[in-house]
Amino acid sequence: MKKITLTLAALAIAVPAVTFAADDDDASMSTMPDLAAGTMLGTDEDSIRTALTELGFDVRKIEKEDGRIEAYVVKGKMTAEVYVDPTTGAIVQGGDDD
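For the record, in the sequence shown the residue sitting at position 70 is 66 according to our numbering, with numbers rising by one throughout.
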């Protein structure tokens, strides 16, 4: 029992550190694996906002631009822009917010 408790405690500490290793204000898609290209979020602004919120992101802005839906998100100290194809609902491009 003691071994299981220690293992779970170690995982609870290690997993967030691996996922969000970046300490600076900007994050790339490699540090936000939930936002990888191909991830399905939805085909309209409301469903995309809901999906991103359920993934733990604070959605600061969503707008249609150049035939795609662009979302500006924050998680902790990291920010990112996410581009979604409105016909498929999939992330087509992500990048850090410069």
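Built from N, CA and C at the ideal position, the CB exists for glycine as well.
Practice item. May I ask you to report which of helix, strand or coil DSSP gives A32? Key: As a first step, residue 32 must be located in the sequence shown, where it is residue number 36. Looking at A32 - three-state DSSP - the assignment turns out to be coil, as it is neither helix nor strand.
Point to revise | Start and end residues, alpha helix (DSSP H) containing D42 | key: Indexing the sequence shown from 1 puts residue 42 at position 46. Residues 41 to 50.
Exercise for review: Starting from the C-beta of T84, find all residues in its chain whose C-beta is less than 6 Å away, skip the five residues before and the five after it, and write them out in chain order.
Suggested key: Stepping through the sequence shown from its first residue, residue 84 is reached at position 88. Closer than 6 Å at the Cβ level, and outside the excluded window around T84, lies no residue.
Point to revise | Separation of G63 from K73, as counted between CA atoms | key: Along the sequence shown, read from residue 1 onward, the residue named residue 73 stands at position 77. Along the sequence shown, read from residue 1 onward, the residue named residue 63 stands at position 67. The straight-line gap from Cα to Cα measures roughly 29 Å.
Check your understanding: According to DSSP, is D54 helix, strand or coil?
Key -> As a first step, residue 54 must be located in the sequence shown, where it is residue number 58. Three-state result, D54: strand.
Check your understanding: Which residue or residues does DSSP assign as beta-bridge partners of K60?
Key -> Taking the sequence shown and counting its residues from 1, one reaches residue 60 at position 64. Answer is I65, bridged to K60.
Check your understanding: Can you name the start and end residues of the beta strand (DSSP E) that A76 belongs to?
Key -> The count along the sequence shown starts at 1 and reaches residue 76 at position 80. Start and end: 74 to 80.
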